[in-house]
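Note sheet for the following structure.
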Amino acid sequence: MWLLKRTVSLAVIASVVAIVIFVTMMPAVQEKLSPGRRFRAGGEGPVPVLGAQARIADVPVHLNGVGTARARNTVTVRPQVDGRIISINFKEGQEVKRGDVLARIDPATYQAQLDQAIAKKALDEAQLANAKRDLERYSQLTTLSVAAKTIDTQRALVAQLTAQIKSDEAAIANARAVLDYTTIVAPIDGRTGIRLVDEGNLVRASDAGIVVLTEVRPISAVFTLPQQQLAQVNKALAAGPVTIEALDTDGKVVLDRGVLLVVDNQVDQTTGTVRMKGEFPNASMQLWPGQFVNVRILIDTLKQVVVVPTPAVQRGPSGTFAYVVRPDSTVTLRPITVAMQGETEAVIAKGIDVSEQVVTTGFARLKDGASVVVGAPEGQRPQSAPAPTAAKTDARASIRAACAADMQKFCAEVERSGMRACLQANAARLSEGCKAAAAGAKPREADARKAEGNSVR
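The sequence shown begins at 81 in this note's numbering and counts up by one.
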């Protein structure tokens, strides 16, 4: 009886060891014996591929350049008179309109100069009035033998004072203008930057400035294109306004759409490129002065052309070709002429009709006349097939969780290739939880292997 119990115990331990080893080594074994590998080893049957239907579409033709965004107008606001700043009337980053007050300089000195000019004019006007009365009296006394020279002198004095008053008026206008300069206003609509001078500082007309204003709505972009594309751009401009798009640094997100304004009048001989300038509304403020942008120019639109995915276009020693799927699920190698090719789509000028299907993925084993199985698009594949693998994965996961402590305790420093020998050597010391998990998982593993075998067949 004792011998029988020992035999049964050893059998259970051996079974547990076998299951643990199976769970540990299963990923590598499964990789080697996966249906795909066995299928490829046999070299028989149709080739699995993905395909797409050729279609008719209008395809835009773009040219791509790189450049930077620039403010439409940039103004450094400087004081036009010397003085102490008594107030700053803007916030950094504020949107301002033309004529908005930005700062004020102490006007006391300039107000006094204006008052002085006004007083000087009043004095000269009084003198002129007196000179005119004297001239009138002298003119009436000509019969009393008043010297003609005296009359002429008085007439000259009147003219002199009249001119002096005009000079006074000019001095008043100048003093008033200087006084107005003590109120610093925005010369353009724009956005204020970081303040360069604080309130209370003494400023001069020669200083660096108080703040920089930039007009960013609309905003400009200056970019370059190779000189070989200049003729295409000029042709598009001759036909009408040319639409441009500003893209992010990855070239995938459209930040704004605008128009091409001007092409520079000469080519840079050093780089072989020509500069161009476009303008964008920038209503959402996606563009900022100095920002790097990719610019895409729409120069034409190909109407009602045959389009296929770009991966369908292949190249070989004989030129460009594509694999076209026949109705009998075989492929033919078809020479094609590509009119234009982009990152995602290619325009086919010759070789493919709109009703035909082309191969887009799975070219490794393809050849002219090969049988194929065209797979369903991603997201439309059946979900029932992976069920056996999921069951087997759950079984392995439960055993790993229950036996993790044992494997860490007895085989922590053992390589994967030596795990079998390590577990066999420590079979008698495995925990009861590990044994129970292995015993419960054994039927599920068997069912999973059976289901997998049926799916392979």
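C-beta atoms are modelled at their ideal positions from N, C-alpha and C, and glycine is treated no differently.
This one's a predicted model, so the numbers in the text were calculated from it and none came from an experiment.
So for residue i, helix, strand or coil by DSSP?
i	result
M564	Since the displayed the chain opens at 81 and closes at 537, residue 564 lies outside it and no answer follows.
R158	coil
V97	Interpretation of V97 is limited by its pLDDT of 49, a score under 50 that renders its predicted location unreliable; the figure taken from the coordinates is listed afterwards. Helix at V97.
A467	Low confidence applies here, because A467 scores a pLDDT of 45, under 50, leaving its location unreliable; read the following figure in that light. It is helical.
D138	strand
Q366	coil
D344	strand
P391	helix
D380	strand
T350	coil
K357	strand
L310	helix
T329	coil
I290	coil
V322	coil
T242	helix
V181	strand
I198	helix
D336	strand
I231	helix
T189	helix
Q174	coil
Q437	strand
A450	coil
Q488	helix
Q371	coil
R164	strand
I252	helix
R406	coil
A211	helix
S511	coil
V302	strand
V277	coil
R30	What is shown of the chain runs 81 to 537, which leaves residue 30 out entirely.
A236	helix
A266	coil
A132	strand
V316	For clarity, residue 316 is Ala in the given sequence; the question names Val instead. Helix, per DSSP.
Which residues in the same chain have their Cβ closer than 6 Å to the Cβ of residue i, if we skip the five residues on either side of it in sequence?
i	result
Q312	I379
R297	N362
D248	K200, K201, D204
K332	none
A136	Per the sequence shown, residue 136 should be read as Ile rather than Ala. For I136, where only same-chain residues beyond five positions count, the Cβ hits under 6 Å are Q384, V434.
I168	A183, E279
A429	T417, A419
T158	The question names Thr, but residue 158 is Arg in the sequence shown. Cβ within range, chain order: G289.
Confirm, please, whether the CB-CB distance from residue j to residue i is below 8 Å.
i	j	result
G624	T304	No answer is possible for residue 624: the residues shown for the chain start at 81 and end at 537.
A197	A255	yes
V265	G179	yes
K357	V342	yes
V155	I268	yes
V385	V127	no
F360	Q394	no
R152	I299	yes
A78	V373	A question about residue 78 goes unanswered here, because the residues of the chain that appear run from 81 up to 537.
R355	N144	no
L208	I245	yes
Q307	V347	yes
A484	S511	no
L130	G370	no
Looking only at its chain, what residues have a beta carbon closer than 7 Å to the beta carbon of residue i, apart from the 5 residues adjacent to it on each side?
i	result
L113	With a pLDDT of 39 at L113, under the threshold of 50, the modelled position of this residue cannot be trusted, and the question is left open.
Y218	V226, T230, I231, Q234
K212	V238
P140	L378, T381
E295	A151, R152, N153, I268, D269, G270
P187	L259, T262
What does a CB cutoff of less than 8 Å around residue i pick up in its chain, not counting 5 residues either side in sequence?
i	result
I432	A134, V386, V388, A402, V404, R414, I416, V438
A132	V388, P389, A392, Q437, V438, T440
M420	V139, V141, L382, A426, V427
T410	G449, A450, S451, V452
L367	A149, V296, I299, A301, A326, L335, D336, F360, V373
Subject >> the region 272–284 touching the region 163–170, judged by at least three CB pairs closer than 8 Å >> reply: yes
Subject >> Meets three-Cβ-pair contact criterion under 8 Å: the region 433–440 and the region 395–405 >> reply: yes
Original post:
Is there contact here, the region 238–250 with the region 272–279, by at least three beta-carbon pairs under 8 Å?
Top reply: no
Original post:
With a cut-off of 8 Å, do at least 3 Cβ pairs link the region 186–196 to the region 317–327?
Top reply: Cβ pair count under 8 Å is below three, so no.
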